[in-house]
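Notes to accompany the following structure.
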Amino acid sequence: MIEHKQPHLSNMELWRQWKEDGILQAKKNLIEQYLPLVEFVTNRLAIGLPKNVSKDDLYSHGIMGLIDAIEKFDYRRGLQFETYASWRIRGSIIDGLRQGDWVPRSIREKAKRIEDAYQKLEQKYMRSVTDKEMSEYLEVSETEFNQMIQDIAVTSVCSIDDPIREEESETRLSLLIDDKAKNPEYKVNKFFLKETLAKAIERLTEKERTVVSLFYFDDLSLSEIAEVMSLSPSRISQLHSKAILRLRGSLNRFKVQLFVDQ
Numbered sequence: 001m002i003e004h005k006q007p008h009l010s011n012m013e014l015w016r017q018w019k020e021d022g023i024l025q026a027k028k029n030l031i032e033q034y035l036p037l038v039e040f041v042t043n044r045l046a047i048g049l050p051k052n053v054s055k056d057d058l059y060s061h062g063i064m065g066l067i068d069a070i071e072k073f074d075y076r077r078g079l080q081f082e083t084y085a086s087w088r089i090r091g092s093i094i095d096g097l098r099q100g101d102w103v104p105r106s107i108r109e110k111a112k113r114i115e116d117a118y119q120k121l122e123q124k125y126m127r128s129v130t131d132k133e134m135s136e137y138l139e140v141s142e143t144e145f146n147q148m149i150q151d152i153a154v155t156s157v158c159s160i161d162d163p164i165r166e167e168e169s170e171t172r173l174s175l176l177i178d179d180k181a182k183n184p185e186y187k188v189n190k191f192f193l194k195e196t197l198a199k200a201i202e203r204l205t206e207k208e209r210t211v212v213s214l215f216y217f218d219d220l221s222l223s224e225i226a227e228v229m230s231l232s233p234s235r236i237s238q239l240h241s242k243a244i245l246r247l248r249g250s251l252n253r254f255k256v257q258l259f260v261d262q
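Counting from 1, one number per residue, gives the positions in the sequence shown under UniProt numbering.
As structure tokens, then:
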């Protein structure tokens with residue numbers, strides 16, 4: 001995915017110097033070494049964003065996320081820093097986007113309306129609902145529904161990284177849980193969150209599952225997925241948006257259940 005200047009194991013001395021001796025030069029070297037990771041995450045998140053969103057701004061937010069990751073990472077646990085840092089970088093960029101409020105309120109309201117519709121209908125029918133059923137529920141034509149999906153496509157790349165609860169920083173897909181933690185309630189919630197997400201993915205259409213898999217697990221861009229699936233980039237964008245809205249609906253039900261049980 002990304003080539004670094006040195007293999008992962010060769011970084012151990014830098015990590016030791018920074019974490020145990022507090023040598024700032026070691027921290028600086030780590031930041032410089034992992035800057036390509038910031039560029040990679042920035043390029044992925046920039047897909048589909050409006051032209052008025054500066055990639056330089058995204059990159060700056062990403063660097064702050066990288067620094068935060070380097071400050072909080074525990075190298076002694078033997079975990080892969082790239083995985084941990086990617087979510088920190090992504091979260092920092094998304095926080096920056098939220099602060100800039102780059103998405104019009106009308107688009108946010110439209111996305112929320114569709115998300116709620118997916119949540120209610122799929123809970124009612126216990127299956128993936130069709131565009132026709134969604135259109136009838138929303139009282140719009142299928143053409144209008146597809147246009148609504150297209151309009152909110154620019155918001156869905158980030159939506160899967162929304163926090164599980166608004167006041168917390170843990171994201172729906174991060175799940176980078178400290179296995180040494182002894183809080184049983186947290187582990188139970190983690191288990192049911194994974195189970196809920198797995199079931200939600202199973203309810204996606206075959207094409208939607210393919211897009212989600214290629215984008216989030218195989219690190220392909222939307223344009224690359226379009227080539228693989230022999231579809232237009234706009235169609236891939238629509239499939240991605242629908243998948244994310246379905247997943248958000250399912251995960252929101254999980255969030256509501258958490259509050260009910262507490």
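For every residue, glycine included, the Cβ atom is placed at its ideal position computed from N, Cα and C.
Grab me the residues of residue 42's own chain with a C-beta within less than 6 Å of its C-beta, minus the 5 sequence neighbours each way, in chain order.
Cβ neighbours of residue 42 within its own chain (closer than 6 Å, five residues either side excluded): 58, 59 and 62.
Can at least three beta-carbon pairs, one atom from the region 26-39 and one from the region 65-75, be found at a separation below 8 Å?
yes
Taking the straight line between their C-alpha atoms, what separation do you get for residue 234 and residue 115?
20 Å
DSSP on residue 38, reduced to helix/strand/coil?
helix
Supposed close pair residue 225, residue 215 - CB separation, criterion 8 Å:
6 Å
Is the beta carbon of residue 121 sitting closer than 9 Å to the one on residue 139?
No, the pair does not count as a contact, with Cβ atoms beyond the cut-off.
Consult DSSP for residue 128 and reduce its assignment to one of helix, strand or coil.
coil
Within 9 Å, strictly: CB atoms of residue 15 and residue 75
yes
Use the C-beta contact count for residue 211: other C-beta atoms within 10 angstroms, 16 or more gives buried, fewer gives exposed.
buried
Per-residue burial, residue 248 [other beta carbons within 10 Å of its own, 16 or more giving buried]
Residue 248 is buried by the Cβ-count criterion.
What is the DSSP secondary structure of residue 272, counted as helix, strand or coil?
In the structure as shown, the chain begins at 1 and stops at 262. Residue 272 is therefore absent and cannot be evaluated.
Got a sec? Which residues, its chain only, sit under 7 Å from residue 3 by beta carbon, not counting five neighbours each side?
Interpretation of residue 3 is limited by its pLDDT of 43, a score under 50 that renders its predicted location unreliable; the figure taken from the coordinates is listed afterwards. So the list is empty, once near-sequence residues are dropped.
Local Cβ density within 10 Å of residue 86, reported as buried at 16 or more and exposed below that
buried
For residue 20, tell me which candidate among 46, 55, 73 and 38 has the shortest Cα-Cα distance.
73
Is the CB-CB distance between residue 251 and residue 149 below 9 Å?
no
What residue range does the alpha helix (DSSP H) around residue 225 cover?
222-229 is the extent of the alpha helix (DSSP H) around residue 225.
Three-way DSSP call (helix, strand, coil) for residue 73 in this model
coil
Over what stretch of residues does the alpha helix (DSSP H) that includes residue 33 continue unbroken?
24-33 is the extent of the alpha helix (DSSP H) around residue 33.
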